[in-house]
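Enquirer:
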Amino acid sequence: MRRREFIAACGSAVLWSFGARAQQPDRLRRIGVLTSGSENDPESKRYFGSLVQGLQKLGWIEGRNFQFEIRRATGGVITKELADDLARLQLDVLIGASTAGLRMLQQATRTIPIVFIGVSDPVRDGFVASLARPSGNITGFSSTEPSMVDKWYELLKGIAPQTAKALILFNPNTAPQSLYLERLKATAPSFGLEAIPAPVQTSADIESALSRVSGDEGWGMVSMPDSFLWVHRQQVSNLAAQHRVPAIYPLRAHATSGGLISYGVDFVDLWARAATYIDRILKGERPSDLSVQRPVTFETVVNLKAAKALGLVVPDAVLVQADEIIE
Numbered sequence: 023m024r025r026r027e028f029i030a031a032c033g034s035a036v037l038w039s040f041g042a043r044a045q046q047p048d049r050l051r052r053i054g055v056l057t058s059g060s061e062n063d064p065e066s067k068r069y070f071g072s073l074v075q076g077l078q079k080l081g082w083i084e085g086r087n088f089q090f091e092i093r094r095a096t097g098g099v100i101t102k103e104l105a106d107d108l109a110r111l112q113l114d115v116l117i118g119a120s121t122a123g124l125r126m127l128q129q130a131t132r133t134i135p136i137v138f139i140g141v142s143d144p145v146r147d148g149f150v151a152s153l154a155r156p157s158g159n160i161t162g163f164s165s166t167e168p169s170m171v172d173k174w175y176e177l178l179k180g181i182a183p184q185t186a187k188a189l190i191l192f193n194p195n196t197a198p199q200s201l202y203l204e205r206l207k208a209t210a211p212s213f214g215l216e217a218i219p220a221p222v223q224t225s226a227d228i229e230s231a232l233s234r235v236s237g238d239e240g241w242g243m244v245s246m247p248d249s250f251l252w253v254h255r256q257q258v259s260n261l262a263a264q265h266r267v268p269a270i271y272p273l274r275a276h277a278t279s280g281g282l283i284s285y286g287v288d289f290v291d292l293w294a295r296a297a298t299y300i301d302r303i304l305k306g307e308r309p310s311d312l313s314v315q316r317p318v319t320f321e322t323v324v325n326l327k328a329a330k331a332l333g334l335v336v337p338d339a340v341l342v343q344a345d346e347i348i349e
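Each residue of the sequence shown is one higher than the one before, counting from 23 in my numbering.
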């Protein structure tokens, strides 16, 4: 059976399950969350807070008509056991906050509705049949926007015009590398750059990649969007500063962790928008009828403290594009 046919078949199998949930309006609904974000991480708190606020606006008050069941990965590593634990609870809807987390949830259940947040390529990874018609029990909000590549280079050259070679830090095991890497290599010459891929899968890999370009003023770095690099963002920004490598990152969290500049998807907005799909599913709609959504809001954050440490003066042309400036 082809993948599309299999996903469609799964969709038919879960129709009764969704309908049964919708027919019980007075009971306390339960929402499961599988995330690699730490409970004490400021950015994770911002994301989750926007989801809670979004649900409140739609009439869902935690402790009154719904409750969360949250499972957090230890050290950023999501395990099958965490997903299986949530699936056993027979919750009303599950939230997968990364590609790795969604994969585990997909393996754990084909009947409980799943809303993903921040997954790069849900079609290629086999989570949905298509963006327009997901099929099965999964839908959500993608974080993919290939045009970000041009903006990364534009801002990197704008803030560090001496950059001639761009170290592309990426995790070879996740979807972003396939979505962005070839475009990064192809587009680099038009910005006067040579793209040098640097695959990393461990903390030691990150240290090795940055140490190789230490002391060369012609190097800059692009850190690609990935849950592994997000978890290790403090190490990445610390090493970039230590080796004096100007770098652009895909998320605000990197800049607030000491990174020079970031441009990418506004994940607070993505989590807030996810509340609308959770609301619709809790009211009886099927994930297969809710098309996968793309990001619509992006943000630029400039860290002037990091720029000063690197001896860089951020030009007005870059500052005027910033949604947030860290003094």
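By construction, the Cβ of each residue, glycine as well, lies at the ideal position given by its N, Cα and C atoms. Keep in mind the model is a prediction, meaning the values are calculated, not measured.
Just mark GLY306 as buried or exposed, buried being the case when its beta carbon has 16 or more other beta carbons within 10 Å.
Expert: When all chains shown are included, GLY306 counts as exposed.
Enquirer: If you run the structure through DSSP and keep just helix, strand and coil, what is GLU103?
Expert: Of the three classes helix, strand and coil, the one that applies to GLU103 here is helix, per DSSP.
Enquirer: Give the C-beta separation of TRP82 and ASP291 to the nearest angstrom, bearing in mind that I take them to be a contact with Cβ-Cβ under 8 Å.
Expert: At roughly 18 Å, the Cβ-Cβ gap does not stay under 8 Å, so TRP82 and ASP291 are not in contact.
Enquirer: Taking 6 Å as the limit between beta carbons, can you name the residues of its chain near GLN45, skipping five residues before and five after?
Expert: Note that GLN45 scores a pLDDT of 47, beneath 50, so its modelled location is shaky and nothing firm can be said.
Enquirer: Using the beta-carbon count (16 or more within 10 Å), is ASP350 buried or exposed?
Expert: The chain is shown from 23 up to 349; residue 350 falls before or after that span and cannot be answered.
Enquirer: Mind the definition here: the segment 155-167 touches the segment 307-326 only if three or more C-beta pairs lie below 8 Å; say whether that holds.
Expert: At 8 Å Cβ cutoff, the stretches touch.
Enquirer: Let me make sure I understand the geometry here. Which of SER245, GLU346, PRO317, ARG51 has the alpha-carbon closest to that of TYR175?
Expert: Checking every option, the nearest Cα to that of TYR175 belongs to SER245.
Enquirer: Could you compute how far the alpha carbon of PHE149 sits from the alpha carbon of PRO135?
Expert: The straight-line gap from Cα to Cα measures roughly 12 Å.
Enquirer: Which residue marks the beginning of the alpha helix (DSSP H) containing ARG49, and which one marks its end?
Expert: Unbroken run through ARG49: none, as it is neither H nor E.
Enquirer: DSSP three-state label for GLY33, please.
Expert: Bear in mind that a pLDDT of 48 at GLY33, under 50, signals an unreliable position, so the number given afterwards is only what the model happens to contain. Helix.
Enquirer: Within 10 Å of its beta-carbon, does ASN62 have 16 or more other beta-carbons around it, so buried, or fewer, so exposed?
Expert: Answer is exposed; the Cβ neighbour count stays below 16.
Enquirer: Given a cut-off of 8 Å, decide if ILE218 and ILE181 are closer than it, judged by their beta-carbon atoms.
Expert: The answer is no: Cβ separation not under 8 Å.
Enquirer: Based on DSSP bridge pairs, tell me the residues matched to VAL137.
Expert: According to DSSP, which records beta bridges pairwise, VAL137 is partnered with ILE117, THR161.
Enquirer: What does DSSP give as the partner residues of ASN13 in its beta bridges?
Expert: The shown model of the chain, from 23 to 349, leaves out residue 13, and the question about it has no answer.
Enquirer: If you measure between the beta carbons of SER72 and VAL253, is that distance less than 8 Å?
Expert: Not closer than 8 Å, so no.
Enquirer: Distance, Cα to Cα, LEU203 vs GLY286?
Expert: Taking the straight line from one Cα to the other gives about 16 Å.
Enquirer: Could you check which residue in THR121, LYS173, THR196, ALA105 has the C-alpha nearest to that of ILE92?
Expert: The residue with the shortest Cα to Cα distance from ILE92 is ALA105.
Enquirer: For LEU232, does the count of other Cβ atoms within 10 angstroms reach 16, so buried, or fall short, so exposed?
Expert: With 16 or more Cβ atoms within 10 Å of its Cβ, LEU232 is classed as buried.
Enquirer: Looking at the structure shown, is PRO211 part of a helix, part of a strand, or coil, going by DSSP?
Expert: If DSSP states are grouped into helix, strand and coil, PRO211 belongs with the helices.
Enquirer: Just the Cα atoms here: how many angstroms apart are THR298 and THR224?
Expert: When rounded, the distance between both Cα atoms is 36 Å.
Enquirer: Let me know if LYS179 comes out buried or exposed under the rule of 16 or more other beta-carbons within 10 Å of its beta-carbon.
Expert: It is buried - the Cβ of LYS179 has at least 16 other Cβ atoms within 10 Å.
Enquirer: Once DSSP output is grouped into helix, strand and coil, what is the label at LEU203?
Expert: LEU203 falls in the helix class under three-state DSSP.
Enquirer: Do the CB positions of ASP248 and THR322 come within less than 8 Å of each other?
Expert: Result no, Cβ atoms of ASP248 and THR322 do not sit closer than 8 Å.
Enquirer: Taking the beta carbon of GLN78 as the centre, do at least 16 other beta carbons fall within 10 Å, making it buried, or is it exposed?
Expert: The residue is exposed, with fewer than 16 neighbouring Cβ atoms inside 10 Å.
Enquirer: Looking at C-alpha atoms only, which residue of THR278, TRP241, ALA208 is the closest neighbour of SER259?
Expert: Here the closest residue by C-alpha is THR278.
Enquirer: What is the C-beta distance between ARG205 and VAL171, in whole angstroms, given that I count them as a contact (C-beta under 8 Å)?
Expert: So it is a contact: roughly 5 Å between Cβ atoms.
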